[in-house]
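As structure tokens, the structure follows; a few thoughts come after it.
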Amino acid sequence: MLPIVGTVGFAVDYSHANSVKAAMQAALDSTALMVAKDAATVSSDTLQTNALNYFNALFTRPEAQNIVIAASYSATGGSKVVVTGSATVPTAFLGIIGYNNITVNGSSTSAWGSTRLRVALVLDTTGSMNDDGKIAALKTATKNLLTQLKSAASNDGDVYVSIIPFSRGVNVGPSNYTASWIDWSEWAAEPASMVAWLANTSNKSTWVQTGPGDDCPLSSSKTGFGCVKTPVDGAATTTTIPSSGSYSGYICPGVDTGGTDGTKIGFDYPGCYNSTTYSSSGSSAVCTGHSNCTCSGSGSGKTCKTNNGYYEHTWVANAHSTWTGCVADRGSIAAPGTTAGNDQTATAPVTGTATTLYPAREDTQCPSASVGLSYNWTAMSSLVDGLDPLGGTNQPVGLLMGWHSLVGIGPFTAPAKDPNYTYTDVIILMSDGLNTADRWYGNGSATNTSVDYRMYDTTGKGSCANIKTAGVTLYTIQVNTAGDPTSTLLTNCAGGPDKFSDPSKFYLVTSASGLGAVFTAIGTNLTQLRVAK
Numbered sequence: 002m003l004p005i006v007g008t009v010g011f012a013v014d015y016s017h018a019n020s021v022k023a024a025m026q027a028a029l030d031s032t033a034l035m036v037a038k039d040a041a042t043v044s045s046d047t048l049q050t051n052a053l054n055y056f057n058a059l060f061t062r063p064e065a066q067n068i069v070i071a072a073s074y075s076a077t078g079g080s081k082v083v084v085t086g087s088a089t090v091p092t093a094f095l096g097i098i099g100y101n102n103i104t105v106n107g108s109s110t111s112a113w114g115s116t117r118l119r120v121a122l123v124l125d126t127t128g129s130m131n132d133d134g135k136i137a138a139l140k141t142a143t144k145n146l147l148t149q150l151k152s153a154a155s156n157d158g159d160v161y162v163s164i165i166p167f168s169r170g171v172n173v174g175p176s177n178y179t180a181s182w183i184d185w186s187e188w189a190a191e192p193a194s195m196v197a198w199l200a201n202t203s204n205k206s207t208w209v210q211t212g213p214g215d216d217c218p219l220s221s222s223k224t225g226f227g228c229v230k231t232p233v234d235g236a237a238t239t240t241t242i243p244s245s246g247s248y249s250g251y252i253c254p255g256v257d258t259g260g261t262d263g264t265k266i267g268f269d270y271p272g273c274y275n276s277t278t279y280s281s282s283g284s285s286a287v288c289t290g291h292s293n294c295t296c297s298g299s300g301s302g303k304t305c306k307t308n309n310g311y312y313e314h315t316w317v318a319n320a321h322s323t324w325t326g327c328v329a330d331r332g333s334i335a336a337p338g339t340t341a342g343n344d345q346t347a348t349a350p351v352t353g354t355a356t357t358l359y360p361a362r363e364d365t366q367c368p369s370a371s372v373g374l375s376y377n378w379t380a381m382s383s384l385v386d387g388l389d390p391l392g393g394t395n396q397p398v399g400l401l402m403g404w405h406s407l408v409g410i411g412p413f414t415a416p417a418k419d420p421n422y423t424y425t426d427v428i429i430l431m432s433d434g435l436n437t438a439d440r441w442y443g444n445g446s447a448t449n450t451s452v453d454y455r456m457y458d459t460t461g462k463g464s465c466a467n468i469k470t471a472g473v474t475l476y477t478i479q480v481n482t483a484g485d486p487t488s489t490l491l492t493n494c495a496g497g498p499d500k501f502s503d504p505s506k507f508y509l510v511t512s513a514s515g516l517g518a519v520f521t522a523i524g525t526n527l528t529q530l531r532v533a534k
């Protein structure tokens with residue numbers, strides 16, 4: 002009878018203990034999730050107390066005795082909380098053979114941060130973002146997303162974010178004007194329109210008669226220059242007109258209100274370039290080298306000046322220190338057409354190889370300065386507050402610079418990746434319209450010679466394909482408040498490393514207020530907590 006009773010008792014008591022163990026495991030799993038929310042910010046004693054309180058609220062098996070709960074937090078190889086538990090369950094039958102209790106135990110690990118996030122926010126700050134409340138909505142949505150990402154980071158470095166505002170160019174900071182990764186060749190070169198205009202010698206005689214707008218010789222493909230009719234007598238030098246004041250060194254002289262070359266015009270005005278009254282007794286001024294130089298008076302009162310003559314113009318580039326920080330698309334000066342180029346890759350810049358460098362451009366509509374990967378949440382929020390909408394749309398240059406910020410080349414540095422972690426690299430590209438202009442093109446259409454083509458074409462070329470092939474997940478957002486066509490470009494560009502195109506990662510927003518919900522949805526996708534074991 003004793004073996005029979007023992008066998009039956011074992012089955013009954015073991016089944017009961019197993020039921021208690023299952024209830025304990027469920028409570029441990031829930032407890033691990035609950036305490037994980039603030040495990041990185043509380044003391045070990047508080048963590049232990051919180052774990053015990055959560056467990057006791059969830060575990061409702063009064064027959065379990067001598068309950069012991071232990072909780073620990075670790076950031077090695079990813080943030081995780083381990084909660085273990087044990088208890089004894091009294092037996093009903095096994096006491097006959099000397100077993101009064103069965104011990105049950107369990108363990109649950111809640112792991113997060115074993116996947117670290119690096120997110121590049123590529124934000125359209127072009128002039129049209131000033132309409133329909135879009136810029137205000139973008140600022141609010143972006144700062145809320147920053148708060149989400151900050152909350153997902155248990156430790157500094159769990160989440161890094163870069164912010165790349167873009168218009169026709171990207172601002173990498175004017176303090177970098179001595180950097181070896183900048184290409185100054187176009188900055189220093191005389192504009193082609195200037196060269197062609199002066200090739201016609203008859204133009205020289207009308208130079209001083211040019212006025213603002215289309216009459217200015219640099220207005221052809223170089224809009225934004227304003228010219229005045231003549232230089233001011235007495236203010237000229239042999240290299241610039243005038244040499245000081247608000248028009249110092251400018252063309253005609255004039256004011257550059259948005260020209261694309263980042264340069265000024267200097268003047269070589271031989272002979273009588275200055276209106277001078279000689280005061281020394283017996284001295285005289287001599288007119289030389291210019292048919293429009295005239296002198297009047299005699300002796301100490303003799304004066305020489307111009308009579309609205311023309312000038313021989315010599316190109317004088319601005320000093321690099323006057324650069325506003327804007328760079329254009331990388332690659333050859335010649336329009337690339339369908340040829341692959343460094344405006345589509347993350348090839349590191351090579352000193353002396355111009356096509357790998359970032360072309361400096363002078364742009365009065367340069368966006369706010371970008372910031373590389375950082376977890377300085379306060380500074381990034383302040384940057385977002387200062388976003389100013391102006392300029393045309395060049396999504397390719399913004400997208401590429403967002404990628405470069407993740408890779409850490411050129412203007413950007415990226416912290417080394419810890420082999421104990423898995424990293425998810427993400428670009429979120431938000432734009433409110435269609436492309437209008439890049440370094441070479443201005444048609445905005447999806448032809449082989451367009452701005453769009455540099456980002457994507459149906460044969461799998463372009464920066465979008467290169468970015469996803471490199472393992473970067475790309476979310477795209479079109480804010481369409483003006484009834485524009487849905488962007489095929491942004492739809493095709495969206496996707497992750499596992500898919501060439503993934504329409505689920507493209508978001509269409511038809512009102513500025515919709516931006517917040519989209520940014521929140523993306524942020525939730527990126528920061529979900531998971532139970533690892």
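Numbered by the working numbering, the letters in the sequence shown go through residues 2 to 534 in order. Glycine included, C-beta positions come from ideal geometry on N, C-alpha and C. As the structure is a prediction and not an experimental result, all values here were calculated from the model.
{"Check": "Contacting residues, own chain, Cβ-Cβ under 8 Å from Ser512 (five flanking each side not counted)", "Outcome": "Asp133 and Thr482"}
{"Check": "Among Ser45, Tyr161 and Ala33, nearest to Asp426 - alpha-carbon criterion", "Outcome": "Tyr161"}
{"Check": "Burial state of Ala547, where buried means 16 or more other Cβ atoms lie within 10 Å", "Outcome": "Residue 547 lies beyond the range of the chain shown here (2 to 534); nothing can be said about it."}
{"Check": "8 Å Cβ shell around Thr116 - same chain, five flanking residues per side excluded", "Outcome": "Gly79, Tyr422, Thr423, Tyr424 and Thr425"}
{"Check": "Neighbourhood of Thr540 by C-beta distance below 6 Å, restricted to the same chain and skipping five residues each side", "Outcome": "With the chain covering only 2 through 534, there is no way to say anything about residue 540."}
{"Check": "Neighbour-count burial assignment, Asn19, 16 or more Cβ in a 10 Å radius", "Outcome": "exposed"}
{"Check": "Terminal residues of the beta strand (DSSP E) in which Ser75 lies", "Outcome": "Gln66 to Ser75"}
{"Check": "Rounded separation between Ser505 and Ile334 - CA only", "Outcome": "37 Å"}
{"Check": "Which of helix, strand or coil DSSP assigns to Ser451", "Outcome": "coil"}
{"Check": "The region 427-439 touching the region 464-480, judged by at least three CB pairs closer than 8 Å", "Outcome": "yes"}
{"Check": "Pro397, enclosing alpha helix (DSSP H) - first and last residue", "Outcome": "Gln396 to Val408"}
{"Check": "Cβ of Leu509 within 8 Å of any chain C Cβ", "Outcome": "The chain inventory of the structure shown lacks chain C, comprising one protein chain alone."}
{"Check": "Beta carbon of Ser464 nearer than 8 Å to that of Leu407", "Outcome": "no"}
{"Check": "Those residues which DSSP pairs with Met431 across a bridge", "Outcome": "Leu124 and Ile478"}
{"Check": "Ala28 (DSSP reduced to helix, strand or coil)", "Outcome": "helix"}
{"Check": "Nonlocal neighbours in the same chain, by C-beta distance under 6 Å from Thr143, ignoring five residues either side", "Outcome": "Val385"}
{"Check": "Asp257 - DSSP class collapsed to helix/strand/coil", "Outcome": "Its pLDDT being 36, under 50, Asp257 is placed unreliably in this model, and the value from its coordinates should be taken loosely. Looking at Asp257 - three-state DSSP - the assignment turns out to be strand."}
{"Check": "Three-way DSSP call (helix, strand, coil) for Leu139 in this model", "Outcome": "helix"}
{"Check": "Euclidean distance between Cα positions of Asn67 and Leu48", "Outcome": "20 Å"}
{"Check": "Extent of the continuous alpha helix (DSSP H) to which Thr89 belongs", "Outcome": "It is not in any alpha helix (DSSP H) - Thr89 instead sits in the beta strand (DSSP E) that spans Ser80 to Pro91."}
{"Check": "Enclosing alpha helix (DSSP H) for Ser382 [first to last residue]", "Outcome": "Trp378 to Asp386"}
{"Check": "Distance CB(Trp182)-CB(Pro337) smaller than 8 Å", "Outcome": "no"}
{"Check": "Closest residue to Val372 among Gly409, Thr340, Gln366 and Thr394 (Cα-Cα distance)", "Outcome": "Gly409"}
{"Check": "Beta-carbon spacing of Leu435, Asp485 below 8 Å", "Outcome": "yes"}
{"Check": "Trp404 to Ile468 span [Cα, whole Å]", "Outcome": "7 Å"}
{"Check": "Outcome for Phe60 when other beta-carbon atoms lying within 10 angstroms are tallied against a minimum of 16", "Outcome": "buried"}
{"Check": "Selection from Ala361, Ala380 and Arg62 that minimises the alpha carbon distance to Tyr186", "Outcome": "Looking at the sequence itself, residue 186 is Ser, so the reference to Tyr does not match. Nearest C-alpha to Ser186: Ala361."}
{"Check": "Host beta strand (DSSP E) of Tyr55 (start-end)", "Outcome": "That residue, Tyr55, is in no beta strand (DSSP E); its alpha helix (DSSP H) goes Ser45 to Leu59."}
{"Check": "Per-residue burial, Asp419 [other beta carbons within 10 Å of its own, 16 or more giving buried]", "Outcome": "exposed"}
{"Check": "Option nearest Pro175 by Cα separation, candidates Asn101, Lys140 and Gly326", "Outcome": "Gly326"}
{"Check": "8 Å contact criterion, which Ala355 and Asp503 should meet: CB distance rounded", "Outcome": "With 8 Å as the limit, Ala355 and Asp503 do not qualify as a contact, their Cβ atoms being about 36 Å apart."}
{"Check": "For Val171, the nearest candidate out of Phe501, Gly472, Ala370 and Pro416 (CA to CA)", "Outcome": "Ala370"}
{"Check": "Residue of Ser44, Gly517 and Ala347 minimising C-alpha distance to Thr357", "Outcome": "Ala347"}
{"Check": "Ala40 to Ala189 span [Cα, whole Å]", "Outcome": "57 Å"}
{"Check": "Spatial neighbours of Ser281 in its chain, beta-carbon cut-off 6 Å, leaving aside the 5 residues before and after", "Outcome": "Since pLDDT at Ser281 reaches only 34, below the 50 mark, its modelled position is unreliable, and the value read off the structure follows with that caveat. Correct list: empty, nothing qualifies."}
{"Check": "Residue burial classification, Ala72 (beta-carbon count within 10 angstroms, cutoff 16)", "Outcome": "buried"}
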